């Protein structure tokens with residue numbers, strides 16, 4: 003009997019530690035400062051393997067600069083829906099805008115009083131309510147529930163256990179997340195389990211349901227999105243290879259610098275690689291008009307080449323992005339991009355590399371932001 007009790011305690015402790023390691027993260031909301039600018043926003047994208055579809059959800063709020071008046075929206079929630087007609091697909095955005103008084107953000111059902119940390123499991127709720135609609139996003143470690151009504155669309159679902167960026171609770175920034183940078187990026191999960199979702203058009207009666215897929219989950223916080231950036235993420239359903247990358251012009255107190263955060267995973271080959279500005283060199287070739295991006299990153303032992311492309315007509319119109327005075331049209335995005343990723347390892351002979359992995363991804367997300375948008379379509383001013 004005693005042995006059984008000890009075994010049960012041991013299993014329970016191991017399970018507790020495992021859940022702690024998986025769910026500890028910076029996904030919870032931050033305490034907003036007394037004065038702006040400051041923003042925080044969350045994003046998820048569902049990959050529906052059965053329907054070969056994809057739906058995105060983004061939501062967040064901005065504390066603007068107090069010294070200026072603003073007419074921009076300070077609280078938004080947007081649905082990103084891939085719409086296809088005659089074998090041609092385009093990403094459409096359905097936007098809900100709300101007053102600060104209609105927003106409620108809580109942790110464990112209470113107002114936010116502490117910033118998130120690497121160890122504590124996420125457990126928050128973001129909710130907006132207005133006469134025209136609204137919704138909520140409720141996150142507790144390995145279970146996420148959401149439901150939004152925006153314009154004629156109702157989007158609700160359940161997300162299961164995450165596949166975290168790291169077991170330590172850190173994201174793409176690693177230790178850099180502790181620095182007072184103007185913008186932070188955190189990936190909570192590269193491919194969470196999709197339990198179920200439903201997208202309903204209440205006017206047409208169209209209903210899309212899915213129970214087989216993966217979900218990318220992330221967040222940003224800081225002062226504002228940068229003057230220019232790119233972002234992409236994707237999953238290979240056959241072998242669960244995944245990647246996420248983001249980078250752009252970061253405005254530091256004295257000068258601005260291009261900085262990139264990159265991660266690549268292939269569990270079948272036991273490959274897990276991260277690249278940050280403090281440990282890698284990145285070269286890019288970015289063309290927002292052609293819808294192409296080439297990113298090459300070199301670390302101490304590995305080099306990874308990303309070749310990303312999407313047909314220009316698959317990109318959305320300008321999506322809302324957070325800036326110092328609120329949300330404004332800032333970027334374009336496609337859910338019909340393709341990626342070829344090649345991974346090399348350095349040989350004993352200096353500067354010679356051997357190819358160890360090559361993967362092709364379809365239906366990935368690709369975003370051009372700010373001045374990287376073709377012909378400055380979103381009218382970003384520097």
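In this note's numbering, the protein residues as written are 3 to 384.
Each residue gets a CB set at the ideal place from its N, CA and C atoms; glycine is no exception.
Note that the structure is predicted; figures quoted are calculated from it, not measured.
1) Return helix, strand or coil for residue 76, following the three-state DSSP convention.
2) Below 8 Å between beta carbons: does that hold for residue 187 and residue 128?
3) State the beta-bridge partners of residue 327 as determined by DSSP.
4) What span of residues does the beta strand (DSSP E) with residue 233 cover, start to end?
5) Whose CA, out of 323, 352, 124, lies closest to the CA of residue 79?
6) Quick one: give me the first and last residue of the beta strand (DSSP E) that residue 395 is part of.
7) Report yes or no: do three or more beta-carbon pairs, one from the stretch 252–264 and one from the stretch 204–224, lie closer than 8 Å?
8) Leaving out five residues on either side along the sequence, give the residues of the same chain with a beta carbon under 7 Å from the beta carbon of residue 165.
9) Kindly list the residues whose CB is nearer than 7 Å to the CB of residue 282, restricted to its own chain and excluding five residues on each side of it in sequence; keep chain order.
10) Can you tell me which of the three DSSP states residue 269 falls into?
11) What is the C-beta distance between residue 297 and residue 247, in whole angstroms, given that I count them as a contact (C-beta under 8 Å)?
12) Following the continuous beta strand (DSSP E) through residue 360, name the residue where it begins and the one where it ends.
13) Ordered along the chain, which non-local residues of its own chain (more than five positions away) have a Cβ less than 6 Å from that of residue 160?
14) With residue 123 as the anchor, note down where its beta strand (DSSP E) starts and where it stops.
15) Tell me which residues share the same chain as residue 22 and place their Cβ nearer than 8 Å to its Cβ, disregarding the 5 neighbours each side in the sequence.
16) Quick one: Cα of residue 381 to Cα of residue 200, how far?
17) Count the other CB atoms, across all protein chains shown, that sit within 10 Å of the CB of residue 332; report buried if there are 16 or more and exposed otherwise.
18) How many Å lie between residue 338 and residue 249 at the Cα?
19) By a C-beta neighbour count over all protein chains shown, 10 Å radius and 16 as the cutoff for buried, is residue 312 buried or exposed?
20) Do residue 212 and residue 50 count as a contact pair if the criterion is CB distance below 8 Å?
21) In three-state terms, what does DSSP make of residue 176?
22) Using DSSP with H/G/I as helix, E/B as strand and the rest coil, what is residue 143?
23) Does the distance from the CB of residue 345 to the CB of residue 306 come in under 8 Å?
24) Going by the CB atoms, is the gap between residue 231 and residue 63 shorter than 8 Å?
25) Quick check on this structure: which residue in 370, 108, 134 has the alpha carbon closest to the alpha carbon of residue 229?
26) Roughly how many angstroms lie between the CA atoms of residue 289 and residue 110, to the nearest whole one?
27) What are the residues that DSSP puts in a beta bridge with residue 85?
28) Does any heavy atom of the ligand PLP sit closer than 7 Å to the C-beta of residue 311?
29) Going by alpha carbons, who is nearest to residue 367 out of 233, 330, 359, 243?
30) Taking the C-alpha atoms as reference points, what is the distance between residue 119 and residue 29?
31) In the DSSP assignment, what residue or residues form a beta bridge with residue 299?
32) What's the gap between the Cα of residue 203 and the Cα of residue 336?
33) Classify residue 350: buried if its beta carbon has 16 or more other beta carbons within 10 angstroms, exposed otherwise.
34) If we ignore side chains and look at the alpha-carbon of each, how far apart do residue 287 and residue 293 end up?
Taking the definition as stated:
1) coil
2) no
3) Paired residue(s): none; residue 327 is not in a bridge.
4) Residues 230–238.
5) 323
6) The structure shown does not extend to residue 395, since the chain spans only 3 to 384, so no value can be given for it.
7) Contact fails between the stretch 252–264 and the stretch 204–224, because fewer than three Cβ pairs, one in each stretch, are under 8 Å apart.
8) 191, 192, 193, 194
9) Within the same chain, residue 282 has close Cβ partners 299, 300, 301.
10) Helix, per DSSP.
11) 6 Å
12) First-last of the beta strand (DSSP E) with residue 360: 355–372.
13) Around residue 160: 147, 197, 198.
14) 119–123
15) Summary for residue 22: the model assigns pLDDT 45, below 50, so the residue's position carries little reliability; its value from the coordinates is reported in the next sentence. These residues qualify, in order along the chain: 121, 123.
16) 35 Å
17) buried
18) Distance from the CA of residue 338 to the CA of residue 249, rounded to the nearest whole angstrom, comes to 20 Å.
19) buried
20) yes
21) helix
22) coil
23) yes
24) No, these two residues do not count as a Cβ contact at 8 Å.
25) 370
26) 44 Å
27) 92
28) What this structure holds is no ligand at all, so the ligand PLP is not there to describe.
29) Per the Cα distances, 233.
30) 9 Å
31) 284, 306
32) 21 Å
33) exposed
34) 11 Å
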